[in-house]
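Before any comments, here is the structure.
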Amino acid sequence: MVWAPRAHTVEVVLPQPSGPATRLPLRLVGAHEPGYWRADAELPVGTDYAFSVDGRAPVPDPCSTSLPAGIHGPSRVLDEDFTWTDDAWTGAHLSRGVLLHLDVTRATPQGDLDAAAALLPEAAALGVDAVELAPVAQFDPALGPAAGVRLFAVHAPYGGPAALQRFVDTAHGAGLAVVLDLPHRWAVADGLGLHAFGPYANGARIGARAGSPTDADTPRVNLDGSGSRGPRDFLVADARRWLTTFHVDGLLLDLDVLVDRSAAPFLGELAEAVQATGAETGRHGALLTDGRGMSDRLTTLVRGLLDGRLSDPSGLLKQLSADVANVGAPPRDAPVGLRRAYRATQRSGPVLVGELSRLPAAARALPWAVDTDPDRDPDPDGDERAIMLAVVLLAGTAVVLDTEHVPLGCPEPTSRRLRAWTRTLLTLRSAVLDDVDVDVEVTAEDDVVVVRRGRSALLLTLAPGEHRVDLGRRLATSSTTWRVAAAWDQERTEVLAGRLHVPGRSAVVLREDPTDVL
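Here is the structure:
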């Protein structure tokens, strides 16, 4: 079936080894599915085909699941049956989850899904809830994904659809959910030829990635204009495909792309489809939403603290606490459409996750990130990475870690130490977040920042040299003992006579022990 609302005729074109291609006419489905054309019989698995609209040159199926000759070649009917072993898996609730971002091309030297799957046991041992996969949709390797992606097809160099199914099955076996980044920004690019079928794009353009050539903008998906029913169905069908055929647990959405001024927000429609799919499959699904300037606020703040560029860290941290207190609601800067989508989906359970904190490399992997950042530290040292991890993991939002701060498959000492530090923080995270609704108290003095929330406190030393911190004064208490629950430099961190002795450029997690008196 194919959507072509303005066509007079649509034919399925079957290439032949020799001689002219076979052309078979399609018929309009009817008023209950306006604009859709259907064949009278299913094509056998392995058949190559294309569509011709009004007698024009054949073009691939917009919903192609396999294009062995490339994104402009014929589509192929694919057998995607797979023997799953995850029957007991019911999904994961990710509103405060911890994810690890994996880019298939960079995670291993092989650059494919099977090699990346070998990292999953190590990721699970960290204690994360899920892995976030960078987009796997098929694109032209010579031009890159920005020139257009086939949303429904898995890129063959990554291993194809069977490799993605193996990856997800392995992840679920290790207790990990899988979130897939959907590259909607490039889904209706000019070079894909979707205009031959209908108004997939609405005429507006999405600006090029900062630092990219100015002519690298792309069309915006038509979600609210004339003929928008087809593009909406296109994106919903794609989302359902990943959740059903591939057992993916969550989908990452680019809010810059999904601008929608219609009376019925597309995000609400998509969330309802995800909820319905979950009811069918018995697996909870989630939509993670992100966009320009949304998930890097916290890491930008921490980088400023480490660089000594913030004149009032206390005030900025207090502002951040307002964001953290808003966990579970739309972000403060969320588009109106997202806020309406939250309201539309609250009736039937949590689906949208809108408050994320991304570590820098996970943020740079996103399509709206700046290509070149002159302020970026190209190689943060272990101490800086440890401080960043402590702040982000204990803040309260859902978190997307990166393999720059949490290196996998790397035996060198700093990498091993960072992995151990991450495991420790994740072990503490649940207890710390029991007080997520408690007001945050922040002090910044003598290059020491103390963030207290309820029965926990995070202390950061921003300058070199040993620091001695009067805990009674800085934590405004005289009747409670604070113990060191975790420290980046455990051997040189201790509490003596109410003072915390801690080295510079370090992070310490303190927990309240009300049974003792100082």
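All the letters of the sequence shown, read from the start, carry residue numbers 1 to 518 under full-length UniProt numbering. For each residue, glycine too, the CB sits at the ideal point set by N, CA and C. Every value quoted in this text rests on a predicted model; they were computed, and no experiment measured them.
With fewer than 16 other Cβ atoms inside 10 Å of its own Cβ, residue 25 counts as exposed. Beta-bridge annotation (DSSP): residue 506 is paired with 461.
Within the model, the alpha-carbon separation for residue 168 versus residue 464 is close to 44 Å.
When only Cα atoms are considered, residue 282 and residue 473 end up about 52 Å apart. For the pair residue 507 and residue 400, the CB atoms are not nearer than the 9 Å cut-off.
With a beta-carbon spacing of about 7 Å, residue 393 and residue 426 fall inside the 8 Å limit used to define contacts. Looking at the DSSP output, residue 450 bridges to 443, 459. Shown here, residue 219 sits in a strand according to DSSP, grouped into three states.
If you draw a straight line from the Cα of residue 432 to the Cα of residue 239, it is about 34 Å long. Using a Cβ distance threshold of 9 Å, residue 95 and residue 386 do not count as a contacting pair. Restricting attention to 451, 41, 254, 125, the CA atom closest to the CA of residue 369 is found in 254.
Taken in chain order, the complete alpha helix (DSSP H) segments of 4 residues or longer contained in the region 119-151 are 120-126. Membership of residue 77 in any beta strand (DSSP E) is not indicated, and neither H nor E is assigned to it by DSSP. Here DSSP, grouped into helix, strand and coil, assigns residue 435 to helix. In the DSSP assignment, residue 204 falls outside any alpha helix (DSSP H) and within the unbroken beta strand (DSSP E) covering 201-206.
Just so you know, the alpha carbons of residue 116 and residue 71 end up roughly 24 Å apart. The three-state secondary structure of residue 22, taken from DSSP, is strand.
The three-state reading of DSSP puts residue 398 in strand, counting E and B together. Counted as a single uninterrupted DSSP element, the alpha helix (DSSP H) harbouring residue 280 occupies residues 266-281. In the structure shown, residue 51 falls within a strand segment according to DSSP collapsed to helix, strand and coil.
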